[in-house]
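S.K.:
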Amino acid sequence: MPTDVERWKSEVYGNEIREHLYRFAEEGWDAIPDDERDAWFERFKWWGLYHQRNGQESYFMMRIGTPNGRLEPGQLRVVGEVAKEYATGPGTNPIFGDAYADFTTRQSIQLHWIKLEDIPDIFEKLESNGLSAQQACGDSWRNIVGNPMAGDDAEEIIDAWPVIQELNETFKGNDDHSNLPRKWKVSVAGSPDGSGQGDINDLALEPAYKEIDGEEQIGFNVRVGGGLARNEERFARDIDVWVAPDDAAAVAGGLSALFRDHGDRENRYNARIKFLVDEWGVEKLRNTLQEDYVDFELETAGDDIRDQYTYNAGGEGRNDLIGIHKQKDGSNFVGLNVLVGRMGADEVIELADLAEEYGSGAARLTQRQNVIIPDIPDDELDEFLSEDLLEHYSPEPSPFMRGSVACTGTEFCSLSIVETKNRQVRFARWLKENVELPSGVEEFHIHLSGCTASCAQPQIADVSLRGMKTRKNGEPVEALDIGLGGGLGETPQFARWVTQRVPVDEVPGAIKNLLANFDDAREDAETFRDFVARHDEDELAELVEPEETSYEDPMMHNTKRTWYPYAEDDSLDSSPAPTRGDGTPITSDD
Numbered sequence: 025m026p027t028d029v030e031r032w033k034s035e036v037y038g039n040e041i042r043e044h045l046y047r048f049a050e051e052g053w054d055a056i057p058d059d060e061r062d063a064w065f066e067r068f069k070w071w072g073l074y075h076q077r078n079g080q081e082s083y084f085m086m087r088i089g090t091p092n093g094r095l096e097p098g099q100l101r102v103v104g105e106v107a108k109e110y111a112t113g114p115g116t117n118p119i120f121g122d123a124y125a126d127f128t129t130r131q132s133i134q135l136h137w138i139k140l141e142d143i144p145d146i147f148e149k150l151e152s153n154g155l156s157a158q159q160a161c162g163d164s165w166r167n168i169v170g171n172p173m174a175g176d177d178a179e180e181i182i183d184a185w186p187v188i189q190e191l192n193e194t195f196k197g198n199d200d201h202s203n204l205p206r207k208w209k210v211s212v213a214g215s216p217d218g219s220g221q222g223d224i225n226d227l228a229l230e231p232a233y234k235e236i237d238g239e240e241q242i243g244f245n246v247r248v249g250g251g252l253a254r255n256e257e258r259f260a261r262d263i264d265v266w267v268a269p270d271d272a273a274a275v276a277g278g279l280s281a282l283f284r285d286h287g288d289r290e291n292r293y294n295a296r297i298k299f300l301v302d303e304w305g306v307e308k309l310r311n312t313l314q315e316d317y318v319d320f321e322l323e324t325a326g327d328d329i330r331d332q333y334t335y336n337a338g339g340e341g342r343n344d345l346i347g348i349h350k351q352k353d354g355s356n357f358v359g360l361n362v363l364v365g366r367m368g369a370d371e372v373i374e375l376a377d378l379a380e381e382y383g384s385g386a387a388r389l390t391q392r393q394n395v396i397i398p399d400i401p402d403d404e405l406d407e408f409l410s411e412d413l414l415e416h417y418s419p420e421p422s423p424f425m426r427g428s429v430a431c432t433g434t435e436f437c438s439l440s441i442v443e444t445k446n447r448q449v450r451f452a453r454w455l456k457e458n459v460e461l462p463s464g465v466e467e468f469h470i471h472l473s474g475c476t477a478s479c480a481q482p483q484i485a486d487v488s489l490r491g492m493k494t495r496k497n498g499e500p501v502e503a504l505d506i507g508l509g510g511g512l513g514e515t516p517q518f519a520r521w522v523t524q525r526v527p528v529d530e531v532p533g534a535i536k537n538l539l540a541n542f543d544d545a546r547e548d549a550e551t552f553r554d555f556v557a558r559h560d561e562d563e564l565a566e567l568v569e570p571e572e573t574s575y576e577d578p579m580m581h582n583t584k585r586t587w588y589p590y591a592e593d594d595s596l597d598s599s600p601a602p603t604r605g606d607g608t609p610i611t612s613d614d
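25 is the number of the first residue of the sequence shown in our numbering; add one for each residue after it.
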């Protein structure tokens with residue numbers, strides 16, 4: 025039997041949602057019938073809108089898709105202006121202020137406290153400047169990810185940007201691919217560092233060489249069925265297909281249609297292509313693709329370059345895109361660290377000013393929640409690096425700042441179990457001041473995810489943190505599971521969860537002790553990933569040693585039970601948001 029979501033989608037979905045969204049925007053929040061809200065909130069996702077959590081009724085998160093993290097000249101400024109004008113709500117974040125933009129692990133942008141009645145004006149401003157929230161969420165093609173400097177990076181071996189453009193233009197708003205069983209995440213990359221992170225995507229196109237008619241060509245090997253969510257992580261599987269750039273859209277569309285037709289629509293938990301690959305195996309998947317979904321003979325896989333992958337690999341080479349890097353034209357792109365991906369609206373506008381003054385006005389977003397300013401000439405570089413804004417958004421940050429990734433958390437998300445953004449900022453700052461990394465360790469990734477949905481991609485970090493609850497001194501407190509040793513590269517591996525339900529105020533001490541024990545027990549210049557790999561879970565658990573330190577956490581209580589974790593009175597009774605048709609606020613009796 026189809027799920028409720030499938031029934032709702034069968035009634036209204038895709039592009040047609042927009043006219044209903046505009047009607048509700050004109051008539052107001054109360055126009056959405058109470059018994060239809062779940063259905064409409066699910067549909068609104070297709071246009072990039074997530075309704076915020078309990079206590080924040082009538083407010084939405086808006087996600088703006090930026091294919092490959094690419095912001096054309098002027099678009100970063102538009103993001104800052106929209107955030108400043110429309111994303112200021114009733115709650116003030118003590119670290120980030122009233123209005124800000126979140127850069128995500130999928131190279132998108134998220135804005136919070138969006139009101140329904142403002143959506144038409146926001147859409148008009150975005151779309152008139154080449155930006156869109158279409159299909160940023162929902163059961164369809166999501167934002168395509170990859171190396172954000174595609175086409176310009178001096179190190180790439182094939183320009184992936186034309187392929188990404190074609191995929192985005194072909195499948196965004198395409199009715200034949202607008203209603204899939206679940207989300208469809210795609211990575212396309214042409215650089216040899218593995219910065220596309222294809223292993224954790226539903227569909228990955230990775231650079232590979234193939235001899236065709238006696239000539240060596242460069243195209244893409246195809247992998248299918250990666251993903252991290254719900255404790256069901258998978259690396260994408262090689263399906264023995266190489267595709268030329270000109271045929272990439274046909275193969276990608278064929279796989280999307282295959283998923284549309286054969287994915288599970290009766291159980292949303294199983295409605296990802298990774299489960300279909302589990303069930304069918306790669307041989308059946310490839311045969312079905314060949315027989316039913318493409319009209320040309322598929323080539324077998326070519327010679328990949330995965331042995332060169334360094335991105336988030338824990339060793340030498342480019343682990344991320346922070347710092348100064350060369351472009352093909354001789355100019356520079358500068359990757360700036362945006363701690364946990366959040367930047368104040370005024371700072372976004374200030375950075376847009378700098379991008380226009382020193383570069384082309386363009387910007388790029390990375391999968392590690394950072395921002396890149398490209399097209400800076402050599403003779404402008406020193407002056408750009410001396411700008412005051414770069415003291416906070418540094419191209420040479422502390423490893424603990426550089427390695428921090430965090431999801432939205434209980435500040436806005438209904439799924440999250442714990443507060444994340446402010447907490448990871450506090451973790452990073454404390455670790456910077458109190459912990460030294462062992463000799464030779466220059467990067468160290470710590471990812472904090474508020475639940476098992478894995479939006480912060482915790483399974484591919486050196487230290488993985490996942491929201492839980494526990495009791496301490498007889499009181500309920502927020503807690504984190506701790507995993508170790510995850511990362512990508514030539515031989516990717518998922519973190520191993522070794523310690524459960526550590527009270528949040530003991531986590532920085534646990535990381536400090538872990539690093540000290542690693543330093544004592546490592547062999548020669550052994551990397552952290554290699555160190556973790558040669559120990560079993562019991563041994564690793566003994567090395568973690570949770571401990572109270574000088575670190576103090578102001579959010580030990582259950583932030584999921586607040587209307588806003590940072591409000592002076594954060595009880596649900598104090599929520600300013602209307603929840604009923606008559607506009608009265610929520611109370612604990614509801």
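From the three backbone atoms N, C-alpha and C, an ideal C-beta is built for every residue, glycine too.
Could you tell me which of D122, I56 and A107 sits nearest to Y590, measuring between CA atoms?
M.R.: Minimum Cα distance to Y590 is reached at D122.
S.K.: Give me the DSSP bridge partner(s) of Q221.
M.R.: Answer is none; Q221 lacks a bridge partner.
S.K.: Are the CB atoms of Q159 and S211 nearer to each other than 9 Å?
M.R.: Against a cut-off of 9 Å, the Cβ pair of S211 and Q159 comes out as no contact.
S.K.: With DSSP run on the structure shown, which of helix, strand or coil describes H559?
M.R.: Note: H559 maps to coil in three-state DSSP.
S.K.: Do the CB positions of G513 and Y335 come within less than 9 Å of each other?
M.R.: Yes; because the gap between Cβ atoms is below 9 Å, this pair is in contact.
S.K.: Quick check on DSSP: helix, strand or coil for N294?
M.R.: Note: N294 maps to helix in three-state DSSP.
S.K.: So for Q517, helix, strand or coil by DSSP?
M.R.: DSSP places Q517 in strand when its eight states are reduced to three.
S.K.: Quick check: the region 363 to 378 against the region 543 to 556, are there 3 or more CB pairs under 8 Å?
M.R.: As far as the Cβ criterion goes, the region 363 to 378 does not touch the region 543 to 556, which means the pair count is below three.
S.K.: Work out the CA separation of W185 and G175 for me, nearest whole Å.
M.R.: Each residue's alpha carbon lies about 6 Å from the other.
S.K.: Can you check the region 315 to 394 for any alpha helix (DSSP H) of at least 4 residues that lies completely inside it and give the ranges in chain order?
M.R.: Runs found: 369 to 382.
S.K.: Just the Cα atoms here: how many angstroms apart are R619 and A55?
M.R.: Because the chain spans 25 through 614 in this model, residue 619 falls outside it and cannot be assessed.
S.K.: Tell me, please, whether the region 396 to 412 touches the region 112 to 129 by the rule of three or more beta-carbon pairs shorter than 8 Å.
M.R.: Touching, no.
S.K.: Is it buried or exposed, D226, if we count other Cβ atoms within 10 angstroms and call 16 or more buried?
M.R.: When all chains shown are included, D226 counts as buried.
S.K.: What does the Cβ neighbour count give for Y37, buried or exposed, with the cut at 16 atoms within 10 Å?
M.R.: Answer is buried; the Cβ neighbour count reaches 16.
S.K.: Out of T551, P602, G533 and N92, which has the shortest C-alpha to C-alpha gap to T390?
M.R.: Taking only the C-alpha atoms, the option nearest T390 is N92.
S.K.: Would you be able to state if there are at least three C-beta pairs under 8 Å between the region 439 to 455 and the region 571 to 586?
M.R.: The answer is yes - the region 439 to 455 touches the region 571 to 586, with three or more Cβ pairs under 8 Å.
S.K.: From F320 to D270, what does the alpha carbon distance come to, in whole angstroms?
M.R.: So the alpha carbons of these two residues sit roughly 12 Å apart.
S.K.: Put P172 into one of helix, strand or coil per three-state DSSP.
M.R.: In this structure, P172 counts as coil in the three-state DSSP scheme.
S.K.: Ordered along the chain, which non-local residues of its own chain (more than five positions away) have a Cβ less than 8 Å from that of F283?
M.R.: The answer, listed in chain order, is L204, P205, W208, D226, I297 and L300.
S.K.: State whether the region 416 to 425 contacts the region 565 to 574, with contact taken as three or more CB pairs (one from each stretch) at a distance under 8 Å.
M.R.: Contact between the region 416 to 425 and the region 565 to 574 is absent, because fewer than three Cβ pairs lie under 8 Å.
S.K.: Determine the contact status of F120 and N446, defining contact as a CB-CB distance below 9 Å.
M.R.: Contact: yes.
S.K.: For a quick check, are the C-beta atoms of L504 and R490 less than 9 Å apart?
M.R.: Yes, the pair counts as a contact, with Cβ atoms nearer than the cut-off.
S.K.: Using only the alpha-carbon positions, how far apart do E290 and R67 sit?
M.R.: Rounded to whole angstroms, E290 to R67 spans 18 Å at the Cα level.
S.K.: Give the single residue among R330, D285 and L279 whose Cα lies nearest to the Cα of V306.
M.R.: Of R330, D285 and L279, the residue nearest in Cα terms is L279.
S.K.: Rounding to the nearest angstrom, what Cα-Cα distance links I133 and G338 in this structure?
M.R.: One C-alpha to the other measures close to 27 Å.
S.K.: Would you please state the rounded distance, in angstroms, between the beta carbons of F195 and G277? I believe it to be under 8 Å.
M.R.: Confirmed, about 7 Å.
S.K.: In chain order, what residues of the same chain have a beta carbon less than 6 Å from the beta carbon of G464, not counting five sequence neighbours either side?
M.R.: Counting only Cβ-Cβ distances below 6 Å, and skipping sequence neighbours, we find A549.
S.K.: Express the C-alpha separation of D597 and S612 in angstroms, rounding to a whole number.
M.R.: At S612, the pLDDT of 36 sits below 50, so the modelled position is not reliable and the matter cannot be decided from this model.
S.K.: Look up K33 in the DSSP assignment and say whether it is helix, strand or coil.
M.R.: K33 falls in the helix class under three-state DSSP.
S.K.: Once the 5 residues before and after E240 are set aside, which same chain residues still bring their CB inside 7 Å of it?
M.R.: Within the same chain, E240 has close Cβ partners Y233.
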